[in-house]
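A.B. asks:
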Amino acid sequence: MVPLKWSEVPESLKALAARMKVVLDERVPVELAPRWLGARALVAGGGRRGSRIRLGGILGTRLSPEALEGVMAHELAHLKCMHWELLLAGSSLAAVVGIALALLVDVSVVWRLILGGGVLVLGTAIMSWLSEYEADRVAARYVGYDVMTLTLRELRDSGFRSRAEFTHPSDRSRVRRLLSRRSPLPSRD
Ligand SMILES: [Zn+2]
6 MVPLKWSEVP ESLKALAARM KVVLDERVPV ELAPRWLGAR ALVAGGGRRG SRIRLGGILG
66 TRLSPEALEG VMAHELAHLK CMHWELLLAG SSLAAVVGIA LALLVDVSVV WRLILGGGVL
126 VLGTAIMSWL SEYEADRVAA RYVGYDVMTL TLRELRDSGF RSRAEFTHPS DRSRVRRLLS
186 RRSPLPSRD
């Protein structure tokens with residue numbers, strides 16, 4: 006991991022974080038993982054360090070500068086919307102709902118466990134997917150829909166996430182969703 010100081014962070018990223026009102030760690034706002042294909046927002050951990058963005062070097066070399074800006078905006082949007090905190094709270098709630106349902110139904114213990122666990126897993130996956138779509142939408146408000154669409158298309162074309170995963174929808178689905186949520190052009194009359 007290569008830690009970057011503020012003085013080493015590109016001006017465009019500093020400006021983007023300021024516009025989005027996201028406060029990153031004073032000492033290490035960004036860290037580079039040279040051999041990683043990905044990007045992630047890391048939340049502040051118990052006073053030891055502030056929030057930071059981890060960027061994979063392999064991803065960095067595959068994307069255009071515009072798409073990289075889109076990736077950064079997406080990660081900053083996760084921090085701005087407090088997605089990790091919401092996900093933690095939401096999955097705790099899903100666990101409680103799962104237990105309550107499992108106690109209510111009149112089936113064997115095995116089926117109760119399957120039902121309780123299923124509610125937790127499904128609830129967490131749905132919340133995680135919604136967070137991803139929301140981060141794309143919020144990012145688009147700051148870097149523009151064109152940049153965000155380009156970002157998702159470049160990710161899709163580079164084979165970044167061609168299939169949906171437990172925590173993330175596929176890139177193809179993110180492009181579709183972003184385009185469908187784009188506000189229509191103002192009418193001329
Ligand atoms: Zn994300």
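Just so you know, we're using this note's numbering here: the sequence shown kicks off at 6 and counts up by one. Where is the CB? At the ideal position from N, CA and C, for every residue including glycine. Nothing here was measured: the structure is a model prediction, and the numbers come from that model.
I'd like to confirm something about E137: is its beta-carbon nearer than 7 Å to some heavy atom of ligand 1, or not?
C.D. replies: In the sequence shown, the residue the question calls residue 137 occupies position 132. Flag set: Cβ of E137 near ligand 1.
A.B. asks: Go ahead and pull the three-state DSSP assignment for R103.
C.D. replies: In the sequence shown, counting from the first residue as 1, residue 103 sits at position 98. Here residue 103 is Gly; the residue named in the question, Arg, does not match the sequence. Note: G103 maps to helix in three-state DSSP.
A.B. asks: Taking A78 as the reference, give the member of A99, A20, I63 with the closest Cα.
C.D. replies: For the purposes of this step, residue 78 is taken as residue 73 along the sequence shown, with counting starting at 1. Checked all of A99, A20, I63; the closest Cα to A78 is A20.
A.B. asks: Quick one: what's got a C-beta closer than 8 Å to S17's C-beta in the same chain, skipping five residues either side?
C.D. replies: Here residue 17 corresponds to residue number 12 of the sequence shown, with the count starting at 1. Excluding positions up to five away in sequence, the list reads E74.
A.B. asks: Jot down the residue ranges of each uninterrupted alpha helix (DSSP H) in the stretch 115–191, minimum 4 residues, whole runs only, in chain order.
C.D. replies: Complete alpha helix (DSSP H) runs here, min 4: 150–162, 176–186.
A.B. asks: So the beta strand (DSSP E) L42 belongs to, where does it begin and stop?
C.D. replies: Counting from one through the sequence shown, the residue named residue 42 turns up at place 37. From DSSP, L42 is part of no beta strand (DSSP E); its letter is neither H nor E.
A.B. asks: Suppose you measure from the CA of L9 to the CA of E137; what does that come to, to the nearest Å?
C.D. replies: Residue 9 sits at position 4 when you count from the first residue of the sequence shown. Residue 137 sits at position 132 when you count from the first residue of the sequence shown. When rounded, the distance between both Cα atoms is 26 Å.
A.B. asks: Using the DSSP secondary-structure output, state which residues sit across from I58 in a beta bridge.
C.D. replies: For the purposes of this step, residue 58 is identified with residue 53 of the sequence shown, where counting begins at 1. Paired residues: V35, A46.
A.B. asks: Tell me, please, whether the stretch 63–73 touches the stretch 108–118 by the rule of three or more beta-carbon pairs shorter than 8 Å.
C.D. replies: Segments in contact, no.
A.B. asks: Is it buried or exposed, F171, if we count other Cβ atoms within 10 angstroms and call 16 or more buried?
C.D. replies: As a working note, residue 171 is residue 166 in the sequence shown. F171 should be labelled exposed.
A.B. asks: Skipping 5 residues on each side, what residues in its chain have a beta carbon closer than 6 Å to that of M227?
C.D. replies: Residue 227 lies beyond the stretch modelled for the chain, which goes from 6 to 194, so this question has no answer here.
A.B. asks: If we ignore side chains and look at the alpha-carbon of each, how far apart do R181 and A72 end up?
C.D. replies: Stepping through the sequence shown from its first residue, residue 181 is reached at position 176. Stepping through the sequence shown from its first residue, residue 72 is reached at position 67. When rounded, the distance between both Cα atoms is 17 Å.
A.B. asks: If you measure from the CB of A140, is any heavy atom of ligand 1 nearer than 7 Å?
C.D. replies: On the sequence shown, position 135 is the one that residue 140 refers to. Indeed, a heavy atom of ligand 1 lies less than 7 Å from the Cβ.
A.B. asks: Hey, how far is the Cα of L118 from the Cα of E90?
C.D. replies: Along the sequence shown, one-based indexing puts residue 118 at 113. Along the sequence shown, one-based indexing puts residue 90 at 85. Distance between the alpha carbons of L118 and E90 is about 26 Å.
A.B. asks: Just reading off the beta strand (DSSP E) that L9 is part of, what are its end residues?
C.D. replies: Residue mapping note: residue 9 aligns to position 4 of the sequence shown, counting from 1. Element bounds for L9: 7–9.
A.B. asks: Distance, Cα to Cα, P174 vs W134?
C.D. replies: Working through the sequence shown from its first residue, we reach residue 174 at position 169. Working through the sequence shown from its first residue, we reach residue 134 at position 129. The straight-line gap from Cα to Cα measures roughly 6 Å.
A.B. asks: Can you give the Cα-Cα distance for R177 and D141, rounded to whole angstroms?
C.D. replies: As a working note, residue 177 is residue 172 in the sequence shown. As a working note, residue 141 is residue 136 in the sequence shown. Approximately 13 Å between the Cα atoms of the pair.
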